[in-house]
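Chemist:
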Amino acid sequence: MKIQLSPSRPFNLDFTLCCGQTFRWEKQGDWWYGVVGQAPCKIRQTGKTLAFEGVDAGFVENYFRLDDDLPEIFSRINKDRNIEAAISEFNGLRILRQEPWECLISYICATYKSISAIKGMLANLSRRFGEETRKDTQILYTFPKPAKLAKAGLHELLACGLGYRAKYVSETAKLVRENTLDLERLEKMAYAKAKQELTSLPGVGPKVADCVLLFSLEKLQAFPVDVWIRRAILKYYARYFPKEFVKRLSAQESLSSSGYEKLGSFGREYFGDYAGYAQEYLYHHERMHH
DNA sequence: CAAGTGCCTTTATC
DNA sequence: AGATAAAGGCACT
Numbered sequence: 000m001k002i003q004l005s006p007s008r009p010f011n012l013d014f015t016l017c018c019g020q021t022f023r024w025e026k027q028g029d030w031w032y033g034v035v036g037q038a039p040c041k042i043r044q045t046g047k048t049l050a051f052e053g054v055d056a057g058f059v060e061n062y063f064r065l066d067d068d069l070p071e072i073f074s075r076i077n078k079d080r081n082i083e084a085a086i087s088e089f090n091g092l093r094i095l096r097q098e099p100w101e102c103l104i105s106y107i108c109a110t111y112k113s114i115s116a117i118k119g120m121l122a123n124l125s126r127r128f129g130e131e132t133r134k135d136t137q138i139l140y141t142f143p144k145p146a147k148l149a150k151a152g153l154h155e156l157l158a159c160g161l162g163y164r165a166k167y168v169s170e171t172a173k174l175v176r177e178n179t180l181d182l183e184r185l186e187k188m189a190y191a192k193a194k195q196e197l198t199s200l201p202g203v204g205p206k207v208a209d210c211v212l213l214f215s216l217e218k219l220q221a222f223p224v225d226v227w228i229r230r231a232i233l234k235y236y237a238r239y240f241p242k243e244f245v246k247r248l249s250a251q252e253s254l255s256s257s258g259y260e261k262l263g264s265f266g267r268e269y270f271g272d273y274a275g276y277a278q279e280y281l282y283h284h285e286r287m288h289h
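Its first residue numbered 0, the first sequence is counted upward by one per residue in numbering that gives the first Met the number 0.
(1) Can you have a look at S105 and say buried or exposed, based on whether 16 or more other CB atoms are within 10 angstroms of its CB?
(2) Please classify R80 as buried or exposed, where buried requires at least 16 neighbouring CB atoms within 10 angstroms.
(3) Can you tell me whether F142 is helix, strand or coil according to DSSP?
(4) Looking only at its own chain, which residues have a Cβ that is under 6 Å from the Cβ of I286, when we skip the five neighbours before and after it?
(5) Closest to R127 by C-alpha separation, out of Y235, P201, Y140, K134, would be which residue?
(6) Ends of the beta strand (DSSP E) at V35?
(7) Residues in its own chain within less than 8 Å of L233 by CB, not counting five upstream and five downstream?
(8) Can you find at least 3 beta carbon pairs, one from the segment 150-170 and one from the segment 60-77, that sit closer than 8 Å?
(9) Where M0 and Y236 are concerned, what is the direct C-alpha to C-alpha distance, given to the nearest angstrom?
(10) For E131, write down the residues that DSSP places opposite it in a beta bridge.
(11) Less than 8 Å between the CB atoms is what I'm expecting for L213 and G275, so what's the real figure, rounded?
(12) Touch check for the segment 106-123 and the segment 151-162: three-plus C-beta pairs under 8 Å?
(13) For T179, which option in A191, C17, L200, S113 has the closest C-alpha, if you only look at C-alpha atoms?
(14) Have a look at F240 and E88 and give me their C-alpha separation to the nearest angstrom.
(15) Quick check on the DSSP output: the alpha helix (DSSP H) that includes A158 runs from which residue to which?
(16) I'd like the span of the beta strand (DSSP E) that includes K26, first residue to last.
(17) I need the DSSP call for I117, collapsed to helix, strand or coil.
(18) Between the Cα of T21 and the Cα atoms of N77, P99, S74, which residue gives the shortest distance?
(19) Name the one or two DSSP bridge partners that F51 has.
(20) Pull the bridge partners of Q3 from the DSSP assignment, please.
(21) Whole angstroms are fine: how far does the CA of A85 sit from the CA of H288?
(22) Could you check which residue in N123, R43, L124, V207 has the C-alpha nearest to that of L16?
(23) Return the Cβ separation of K309 and Y269 in integer angstroms, given the expectation that the two are a contact with Cβ distance under 8 Å.
Below, the structure is given as structure tokens:
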């Protein structure tokens, strides 16, 4: 199956899958292989043509957010030279519409880890607790369901390389399995309220919550602040903050919750309703040029 | 090659 | 409120 992208609908599959928002897609030759839900699939881009197998066009449109009007979004977030440089270099990078459950566990695992290490952990989790599927010669695994991870022993999770995150994954899986927290419900809630609910989960602080909200729960105003975004703000946007605050931010290793809140609020106020898109472009740009 | 640094942070404690 | 420490282990230099 194929989709033809019109010139007014920029999309870049490689940027989108390489920028660190998702961790389980693998490129073999021209094709990206992955499992979303239960379906193993592959997709490739040749110019303005997207070709895919294993999923239908509706899925592709939805998952890759081809419904987002990127030119319109750019015109809203393009506030200065820095963001403009990022937009022009990585034009076509889109935020994905991921599954909330997988996204949540992924970002609980992602804390204080490098992207390559995160990929390793999630591959281990899926191989050990997911269902084996095949596409061509590729063996791919579905992402384990809440009940499966809730049942997993701590030692098994540790064997996947989760370290201290193992107990957070285990406890969060139990809360989701028991429906103590209904992830689907968060999509309909306002950003602040949904964030508050998410941060009640073990292993979920403001950063993890913002990632889950942005990448899987339709909250495009979420502005996750990680080390790279913090560096980018210090480099390019320091003048929007009191001198004392900038001084503390530069000197300190970790970010306090009030510090996080200040940077996140800045992102939302400065870039507007699509702050999350601005964040992804800044993040990727910063990582590629540091 | 060994050792050091850094990692899309959260939590506990003072 | 704000500072500080601890928490796996892997990848990269």
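Glycine included, C-beta positions come from ideal geometry on N, C-alpha and C.
Everything numeric in this text was worked out from a predicted model, so none of it was measured.
Modeler: So, from the listed chains and residues:
(1) Numbered from its first residue, the first sequence carries residue 105 at position 106. S105 is buried by the Cβ-count criterion.
(2) Within the first sequence, residue 80 is the residue found at index 81, counting from 1. Its Cβ having fewer than 16 others within 10 Å, R80 is exposed.
(3) Here residue 142 refers to the residue found at position 143 of the first sequence. F142: coil per DSSP, three-state reduction.
(4) Here residue 286 corresponds to residue number 287 of the first sequence, with the count starting at 1. Correcting the residue type first, residue 286 is Arg in the shown sequence and not Ile. Cβ neighbours of R286 beyond the five flanking positions: W227.
(5) As a position in the first sequence, residue 127 is number 128, starting the count at 1. Nearest option by C-alpha distance: Y140.
(6) The residue you call residue 35 lines up with position 36 of the first sequence. Unbroken beta strand (DSSP E) run through V35: 30-35.
(7) Here residue 233 corresponds to residue number 234 of the first sequence, with the count starting at 1. Closer than 8 Å at the Cβ level, and outside the excluded window around L233, lie V245, L248, S249.
(8) No, because fewer than three Cβ pairs between the segment 150-170 and the segment 60-77 fall closer than 8 Å, the two stretches do not touch.
(9) Mapped onto the first sequence, residue 0 falls at position 1. Mapped onto the first sequence, residue 236 falls at position 237. Using only the alpha carbons, I get a separation of about 44 Å.
(10) Counting from 1 along the first sequence, the entry for residue 131 is found at position 132. Its beta-bridge partners are Y140.
(11) On the first sequence, residue 213 is found 214 positions in, with the first residue counted as 1. On the first sequence, residue 275 is found 276 positions in, with the first residue counted as 1. Right, the Cβ-Cβ distance comes to about 4 Å (below 8 Å), so this counts as a contact.
(12) yes
(13) As a working mapping, residue 179 is identified with position 180 in the first sequence. The shortest C-alpha separation from T179 is found at L200.
(14) As a position in the first sequence, residue 240 is number 241, starting the count at 1. As a position in the first sequence, residue 88 is number 89, starting the count at 1. Whole-angstrom Cα-Cα distance: 27 Å.
(15) Position 159 of the first sequence, counted from the start, is the residue given in the question as residue 158. Looking at the DSSP string, the run of the alpha helix (DSSP H) that includes A158 is 153-158.
(16) Taking the first sequence and counting its residues from 1, one reaches residue 26 at position 27. Residues 25-27.
(17) The count along the first sequence starts at 1 and reaches residue 117 at position 118. Helix.
(18) On the first sequence, position 22 is the one that residue 21 refers to. Among N77, P99, S74, the Cα nearest to that of T21 is on P99.
(19) Looking up residue 51 in the first sequence gives position 52. In DSSP, F51 forms a bridge with I42.
(20) The residue given as residue 3 occupies position 4 in the first sequence. T48, per the DSSP bridge assignment.
(21) Stepping through the first sequence from its first residue, residue 288 is reached at position 289. Stepping through the first sequence from its first residue, residue 85 is reached at position 86. The straight-line gap from Cα to Cα measures roughly 10 Å.
(22) Counted from its first residue, the first sequence places residue 16 at position 17. Nearest neighbour of L16 by Cα position, chosen from N123, R43, L124, V207, turns out to be R43.
(23) Examination of residue 309 is not possible in this model, given that the chain is present from 0 through 289 alone.
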